[in-house]
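**Student:**
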Amino acid sequence: MTDAPAATPRDQLIALVRDLAVVHGRVTLSSGKEADYYVDLRRATLHHRAAPLIGHLLLDLLEEAGLGTAEIDAVGGLTLGADPVATALLHAAASRGQDLDAFVVRKAGKAHGLQRRIEGPDVAGRRVVVVEDTSTTGGSAITAVEAVREAGGEVLAVATIVDRATGAREAIEALGVSYHHLLDLTDLGLA
Ligand SMILES: O=P(O)(O)OC[C@H]1O[C@H](OP(=O)(O)OP(=O)(O)O)[C@H](O)[C@@H]1O
Ligand SMILES: O=C(O)c1cc(=O)[nH]c(=O)[nH]1
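Residue numbers (full-length UniProt numbering): 1 to 191.
1. Is serine 140 near ligand 1, going by C-beta to nearest heavy atom under 8 Å?
2. Which residues bound the alpha helix (DSSP H) around arginine 164?
3. Do three or more CB pairs link the region 140-148 to the region 70-89 at distances below 8 Å?
4. Reducing DSSP to helix, strand and coil, say where glutamate 71 ends up.
5. Under the three-state reduction of DSSP, which class applies to threonine 87: helix, strand or coil?
6. In the DSSP assignment, find the beta strand (DSSP E) that holds alanine 102 and state where it starts and stops.
7. For the alpha helix (DSSP H) that contains alanine 147, what are its first and last residues?
8. What does the alpha-carbon distance come out to for the pair threonine 186 and leucine 114?
9. Give every residue of the same chain whose Cβ lies closer than 7 Å to the Cβ of leucine 20, excluding the five residues on either side of it in the sequence, and list them in chain order.
10. Please name the residue in Arg117, Lys33, Ser31, Arg164 whose C-alpha comes closest to that of glycine 152.
11. At what residue ranges does the region 7-51 contain a whole run of the alpha helix (DSSP H), taking only runs of 4 or more?
12. By the DSSP assignment, the beta strand (DSSP E) with valine 128 in it spans what residues?
13. Just how far apart, CA to CA, sit leucine 62 and alanine 108?
14. Can aspartate 101 and alanine 74 be called in contact, C-beta distance under 9 Å?
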């Protein structure tokens, strides 16, 4: 008797995202648009098995795109969905003995304390990948790209876990930034 081949990390993540995060039903999205399903990636990015898979698979994806830790200094995006994605990448890189910082872009600037829009190690003069949990219009990622540029960082790419194939790629590439995603609607049985 031969054993069934072990599921790859990518297959494991797909199964987890399908189980944990895909919700069917009418929803209003961040952009105000309506949709028949929602992918609540927070249920995966904050899950004990899914989060480490996300960190390693995204790090592999970035490396394959020539955006490994030799080429980039930091990852981060618009709070809140992007936050656990950025820290998953930081920890995946650290587990490989590689240095990668994370940052958080606030939705609104903070009026007290140091009044920073971007929290974490400074992005000024550094090469950055903006991350997302999922992208619909790309508006949230674009907000983060603009905030990093305003703070003096260089945005090389945007990377998201799930691309909903609703215009994010085109909107982001129009900024002169490459766009990468780990999973698509076919992977999640939504196409
Ligand atoms: O590509 P877009 O049209 O911008 O949509 C995708 C964004 O919507 C969700 O965030 P949401 O605005 O619900 O906020 P949250 O991250 O604070 O939950 C999601 O986490 C993405 O950031
Ligand atoms: O566009 C959004 O707001 C959105 C879509 C989705 O599938 N998941 C999510 O968290 N936000």
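Note that beta-carbon positions come from the ideal geometry of N, C-alpha and C, so glycine has one too. It should be emphasised that the depicted structure is a prediction, and the values quoted were computed from it without experimental measurement.
**Tutor:** If we stick to the structure as given:
1. As a working note, residue 140 is residue 140 in the sequence shown. Answer for serine 140: yes, Cβ within range of ligand 1.
2. To locate residue 164, count along the sequence shown from 1; it is residue 164. Per DSSP, arginine 164 lies in no alpha helix (DSSP H) segment and is marked neither H nor E.
3. Touching, per the Cβ criterion.
4. In the sequence shown, the residue the question calls residue 71 occupies position 71. Note: glutamate 71 maps to coil in three-state DSSP.
5. Translated into the one-based positions of the sequence shown, residue 87 becomes position 87. Note: threonine 87 maps to helix in three-state DSSP.
6. If you number the sequence shown from 1, residue 102 lands on position 102. For alanine 102, the uninterrupted beta strand (DSSP E) run begins and ends at 101-105, by DSSP.
7. Within the sequence shown, the letter at position 147 stands for residue 147. Taken as a continuous stretch (DSSP letters only), the alpha helix (DSSP H) holding alanine 147 covers 139-150.
8. Start at 1 with the first residue of the sequence shown, and residue 186 comes out as number 186. Start at 1 with the first residue of the sequence shown, and residue 114 comes out as number 114. The straight-line gap from Cα to Cα measures roughly 44 Å.
9. Against the sequence shown, residue 20 aligns to sequence position 20. Excluding positions up to five away in sequence, the list reads Arg43, Ala44, His47, Ala50.
10. Numbered from 1 along the sequence shown, position 152 holds the residue referred to as residue 152. Cα-wise, what sits closest to glycine 152 is Arg117.
11. Complete alpha helix (DSSP H) runs here, min 4: 9-20, 42-45.
12. Stepping through the sequence shown from its first residue, residue 128 is reached at position 128. Where valine 128 is concerned, the enclosing beta strand (DSSP E) stretches over 127-135.
13. For this step, residue 62 is matched to residue 62 along the sequence shown. For this step, residue 108 is matched to residue 108 along the sequence shown. Between leucine 62 and alanine 108, the C-alpha separation is close to 28 Å.
14. Start at 1 with the first residue of the sequence shown, and residue 101 comes out as number 101. Start at 1 with the first residue of the sequence shown, and residue 74 comes out as number 74. Yes, the Cβ-Cβ distance between aspartate 101 and alanine 74 is below 9 Å.
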